[in-house]
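Comments concern the structure below.
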Amino acid sequence: MDNEMIAGTEAFLRQTSADSAYFRNNPKDRDYRLEHSYRVANIAKNIAEAEGFDVTHAVIAGLLHDIAYCEEMVTREDHMNHGRRGAEIARPFLEGLGLAPDAVNEICYGIAIHVDDRADFEWERTPFCETVGDADNIDRFDAYRIYETLQFIKFSEMSLDEKKAKVTGTIEKLNSLKEMKLGTATAKNLWLQRLDYYIGFYEKMMAQFENSTAIL
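Note that numbering that gives the first Met the number 0 numbers the sequence shown so that position 95 is 94, with each residue one more than the last.
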């Protein structure tokens with residue numbers, strides 16, 4: 000791994016975030032996006048190491064995959080387009096690193112398609128490109144995200160019956176997500192591990208609820 004290139008990418012990401020008027024007004028969003036980008040970069044690194052991809056390129060792609068969030072996104076279309084916009088922002092920086100044109104295109108294509116599987120330029124959809132979106136999706140199922148989700152839906156304010164219904168539906172959805180296709184065997188294994196962790200958590204919660212109204 001080229002530590003100098005990685006350090007340069009980190010500096011670019013942090014400076015872009017610091018220069019963002021939107022992030023200056025929304026520091027919590029800035030902090031979340033930086034933390035998420037590091038997690039995605041680390042997941043992409045793990046996948047690249049196991050699959051034999053260029054680890055430096057994978058880490059760079061993970062760090063920069065959400066760089067478009069430095070711009071305010073007002074509409075749903077803005078959010079759906081942030082992969083393509085992110086690739087547009089990242090390209091001049093990547094070219095400045097001295098990367099080969101094919102490497103720049105592959106990283107940018109991975110960033111561009113990670114939201115809705117669409118890019119605004121032609122390139123081959125390689126397993127490396129799919130790794131960006133796979134790492135992003137895998138990060139959606141970490142331990143802290145359980146807390147965030149329960150807090151967001153005001154789970155603690157629900158009645159017991161409402162909680163049971165919510166947990167039942169969540170477990171069903173998580174099981175259905177096991178069928179999702181990912182770009183590599185490594186990503187698929189990580190995906191299934193995260194889903195099993197989530198399912199185990201919610202199954203334990205449901206067992207507690209079943210124990211909450213009667214002597215069994």
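Backbone N, C-alpha and C fix where the C-beta goes; we use that ideal spot for every residue, glycine too.
Where residue i sits in the DSSP three-state scheme
i	result
Leu191	helix
Ala99	coil
His56	helix
Arg273	Since the first residue shown for the chain is 0 and the last is 215, residue 273 is missing from the structure and cannot be characterised.
Asp65	coil
Gly85	helix
Val166	helix
Ser19	coil
Ile214	coil
Lys203	helix
Chain-order list of residues whose beta-carbon lies under 8 Å from that of residue i (same chain, five-residue window excluded)
i	result
Met157	Lys165
Asp255	Here the chain covers residues 0 to 215 and nothing more, so residue 255 does not appear.
Contacting residues, own chain, Cβ-Cβ under 7 Å from residue i (five flanking each side not counted)
i	result
Thr125	Glu105
Ile110	Ala60, Leu63, His64, Gly82, Gly85, Ala86, Ala89, Val131
Cys69	Thr15, Ser16, Ser19, Tyr21, Phe22
Ser211	Leu159
Sequence-distant residues of its chain with Cβ nearer than 6 Å to residue i (five each side left out)
i	result
Tyr197	Phe140, Leu173
Tyr108	Ala118, Trp122, Cys128
Leu181	Asp133, Lys187, Trp190
Ala40	Val58, Gly61, Leu62
9 Å Cβ cutoff met for residue i and residue j
i	j	result
Thr55	Asp138	no
Trp190	Asp133	yes
Ile170	Tyr201	yes
heavy atom of the ligand ATP below 8 Å from residue i C-beta
i	result
Thr148	Looking for the ligand ATP in the displayed structure turns up nothing, as the structure carries no ligands at all.
Three or more beta-carbon pairs under 8 Å between the segment 35-54 and the segment 179-192, yes or no? yes
Count the CB pairs spanning the segment 71-80 and the segment 93-102 that are closer than 8 Å, and state whether there are at least three. no
Runs of 4 residues minimum, wholly inside the segment 26-53: which ones carry the alpha helix (DSSP H) assignment? 26-50
Counting Cβ pairs closer than 8 Å, one from the segment 160-178 and one from the segment 114-122, do we hit at least three? no
Runs of 4 residues minimum, wholly inside the segment 129-157: which ones carry the alpha helix (DSSP H) assignment? 142-151
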